[in-house]
Amino acid sequence: MQENTEKIVKKREMATVVPPSGGITDVPDASNNVEIQKLARFAVDEYNKKENASLEYVGVISAQKQVVSGFKYYITLEAKDDGIKKVYEAIVWEKPDSNSNPELLEFKPQTLT
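Under full-length UniProt numbering, the residue at position 81 of the sequence shown is numbered 81, and the numbers go up by one with no gaps.
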């Protein structure tokens, strides 16, 4: 009996916590995460193309990640609009196919609630 208990404890110690599909989790140290920074720059560039705008990427404030068919990133970032820093929220979908480009789903100024 004790041997079985020890095996169970060892299995639990080795298990990693994986968020359930659809769960949203914070990306630790998002402002220094190279992948998140690339996605944030991509979001600003895509927004500029679609809206004929000229925002300048400044940096990432925070990010969350959701497991979907691929990953959906909720990124809060700073960009300059005519030299004035503003906060924006972007949603970027990274498809499961590694050959696919990410897709900008939403980009908008952050609203205070």
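Glycine residues also receive a C-beta, built at the ideal position from the N, C-alpha and C atoms.
Taking all protein chains in view, the Cβ of L39 is crowded by 16 or more other Cβ atoms within 10 Å, so the residue is classified as buried. When the five nearest sequence neighbours on each side are left out, the beta carbons in the same chain lying within less than 6 Å of the beta carbon of L105 are those of I91, W93, in order along the chain. The continuous stretches of beta strand (DSSP E) do not include Q110, and DSSP gives it neither H nor E.
With three or more CB-CB distances shorter than 8 Å, the segment 39–56 counts as touching the segment 78–89. Spatial neighbours of D26 in its own chain (CB-CB distance under 6 Å, excluding positions within 5 residues in sequence) are listed in chain order as Q64.
For the pair I24 and S62, the Cα-to-Cα distance works out to about 13 Å. Beyond the five residues adjoining it in sequence on each side, F107 comes within less than 6 Å, by CB distance, of A43, Y47, A90 in the same chain, given in chain order. Residue pairing by DSSP puts Q66 in a beta bridge opposite I24, K72.
DSSP places A90 in the uninterrupted beta strand (DSSP E) bounded by 84–94. Looking at the DSSP output, L77 bridges to V60, Y88.
Taking the CA atoms as reference points, Y74 sits about 11 Å from A30.
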